[in-house]
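Asker: Line by line, the protein sequences are chains P and W.
Read left to right, the first sequence gives residues 1 to 198 (my numbering).
Read left to right, the second sequence gives residues 199 to 390 (my numbering).
Shown below is the structure under consideration.
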Amino acid sequence: MKEKIQIIIKGIFAENPTFVLILGMCPTLATTSSAINGLSMGLATAFVLMLSNLTISLVAKLIPDKVRIPSYIVIIAAFVTVVDLLMAGYLPDIHATLGIFIPLIVVNCIVLARAESFASKNGAVDSIFDGLGIGLGFTLALTCLGFVRELLGDYSVFGHKLTSGDGMILFILAPGAFFALAYLMILFNIVKRKFVKK
Amino acid sequence: MEYILIIIAAVFVNNVVLAQFLGICPFLGVSGKVSTSAGMGGAVIFVLTLAAIVTYLIQHFILIPLQIEYMQTISFILVIAALVQMVEIILKKASPSLYQALGIFLPLITTNCAVLGIAILSIQKDYNLAQTAVFALANGVGFALALILFAGLREQLDLTSNVPKQMKGYPIALIVAGLLAMAFMGFGGIVK
Chain P
1 MKEKIQIIIK GIFAENPTFV LILGMCPTLA TTSSAINGLS MGLATAFVLM LSNLTISLVA
61 KLIPDKVRIP SYIVIIAAFV TVVDLLMAGY LPDIHATLGI FIPLIVVNCI VLARAESFAS
121 KNGAVDSIFD GLGIGLGFTL ALTCLGFVRE LLGDYSVFGH KLTSGDGMIL FILAPGAFFA
181 LAYLMILFNI VKRKFVKK
Chain W
199 MEYILIIIAA VFVNNVVLAQ FLGICPFLGV SGKVSTSAGM GGAVIFVLTL AAIVTYLIQH
259 FILIPLQIEY MQTISFILVI AALVQMVEII LKKASPSLYQ ALGIFLPLIT TNCAVLGIAI
319 LSIQKDYNLA QTAVFALANG VGFALALILF AGLREQLDLT SNVPKQMKGY PIALIVAGLL
379 AMAFMGFGGI VK
């Protein structure tokens, strides 16, 4: 059990998809105009990651090497369609805000990268935990980014307004996404460096 | 006039990379040099336009008549992957010099979310075939423009050595991208 927890922690910190591996930047920047949006995008991706990792680890030995990548993409696309339809049915509001970025989970480099570098070489249980860890790391990063942008851009936290006023709209708009991510990345690196030294 | 509006809106006002955040991975990854960026930009313009036209035909002649629109994501990504492979093979035979220039970028394009994103967007916007082609072409040009501008800025950035240690690499690149996005916001009022 200790190993499994280590796989999860590795996904969140040492191999954080956003801050360390720099993968999946499109949804990271596009869907984090508020903390809730970031959180739901992260969870949707984590869900796809766990299921695709599980399926791919089970069938990896049956797939010929040459058609590996297209087969993985089809498996991932199937789960993305499941998530897309489920969200359209049960969470129509969030589905409308995230819009085109739900089907675009298919081309999120994180999912294919984990399939190729972890799930195809490891067992089913480890693969689920890897998907969970990386998914949670992604969710954490997106929620932090959304939190910062919402706080600065609208003076609110998870939709609750702290003070009246409009906030710095720039942080809700496109340029703010780049700035906020840049400074969070610096912060993450500083914290990680201190943590590793100890 | 309608087409000119689509072009201006796609290239400047709603730039794929800087306003819609599609294709950020190659934008950050490949944009070290102006020459490689131009190569990548050319390859994306080509594949993006072709993919949007083919996916339009699939949506309207296969998925809608058979009422299987929910297969959109799966069928589009498969078609784009196959298309990229095909373009690669044809270019290799037909124009070795162009293949030399674009070759290494082609496999990367399958996972460039701008391609799938624009294909889905033009269907959501209910464009007809001609509008889809123009929209995709303009978005490809917008992508190339942003990529080349950004590469030029990063080349200059490498020449200055006084970037703080913590900001080297991705953080400073993201800040430059943010400034570029701010500059593009200036086009905001042109098209309503």
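For every residue, glycine included, the Cβ atom is placed at its ideal position computed from N, Cα and C.
Note that the structure is a prediction, hence the values are computed from the model and not measured.
According to DSSP, is Ser293/W part of a helix, a strand, or is it coil?
Answerer: coil
Asker: Shortest alpha-carbon distance to Val83/P belongs to which of Tyr72/P, Ser71/P, Val106/P and Asp65/P?
Answerer: For Val83/P, the nearest C-alpha among the options comes from Val106/P.
Asker: Interface residues of chain P around Tyr268/W at Cβ under 7 Å?
Answerer: Under the 7 Å cutoff, chain P gives Thr81 and Leu85.
Asker: State the beta-bridge partners of Val332/W as determined by DSSP.
Answerer: DSSP, once it has assigned bridges, lists no residue as partnering Val332/W.
Asker: Can the beta-carbon of Leu29/P be found closer than 7 Å to that of Phe219/W?
Answerer: yes
Asker: Can you tell me whether DSSP reads Ser120/P as helix, strand or coil?
Answerer: coil
Asker: CA-CA distance, Ala145/W and Leu216/W?
Answerer: Outside the displayed range of chain W (199 to 390) lies residue 145/W, so it cannot be described from this structure.
Asker: Taking 7 Å as the threshold (C-beta atoms), are Pro17/P and Gly137/P in contact?
Answerer: yes
Asker: Could you name the residues that DSSP lists as bridge partners for Ser156/P?
Answerer: Lys161/P
Asker: From the DSSP output, in three-state form, read off Ser34/P for me.
Answerer: coil
Asker: Are the segment 349-366 of chain W and the segment 222-235 of chain W touching by the rule of at least three beta carbon pairs closer than 8 Å?
Answerer: yes
Asker: So Ile63/P contacts chain W; which residues on that side make the cut at Cβ distance below 9 Å?
Answerer: Under the 9 Å cutoff, chain W gives no residues; its nearest Cβ is about 15 Å from Ile63/P.
Asker: Got a sec? Which residues, its chain only, sit under 8 Å from Thr247/W by beta carbon, not counting five neighbours each side?
Answerer: Ala331, Ala334, Leu335 and Gly338
Asker: Can you tell me whether Asp154/P is buried or exposed, with buried defined as 16 or more other CB within 10 angstroms of its CB?
Answerer: buried
Asker: Have a look at Gly386/W and Pro263/W and give me their C-alpha separation to the nearest angstrom.
Answerer: 39 Å
Asker: Can you give me the start and stop residues for the alpha helix (DSSP H) that Met383/W sits inside?
Answerer: Tyr368 to Met383
Asker: How should Gly135/P be labelled, buried or exposed, when 16 other C-beta atoms within 10 angstroms of its C-beta is the threshold for buried?
Answerer: buried
Asker: Could you pull the start and end residues of the alpha helix (DSSP H) that Leu85/P belongs to?
Answerer: Where Leu85/P is concerned, the enclosing alpha helix (DSSP H) stretches over Arg68 to Tyr90.
Asker: Taking a contact to mean a Cβ-Cβ separation below 7 Å, would you say Thr309/W touches Ala77/P in this structure?
Answerer: no
Asker: Per DSSP, what kind of secondary structure is Pro305/W in: helix, strand or coil?
Answerer: helix
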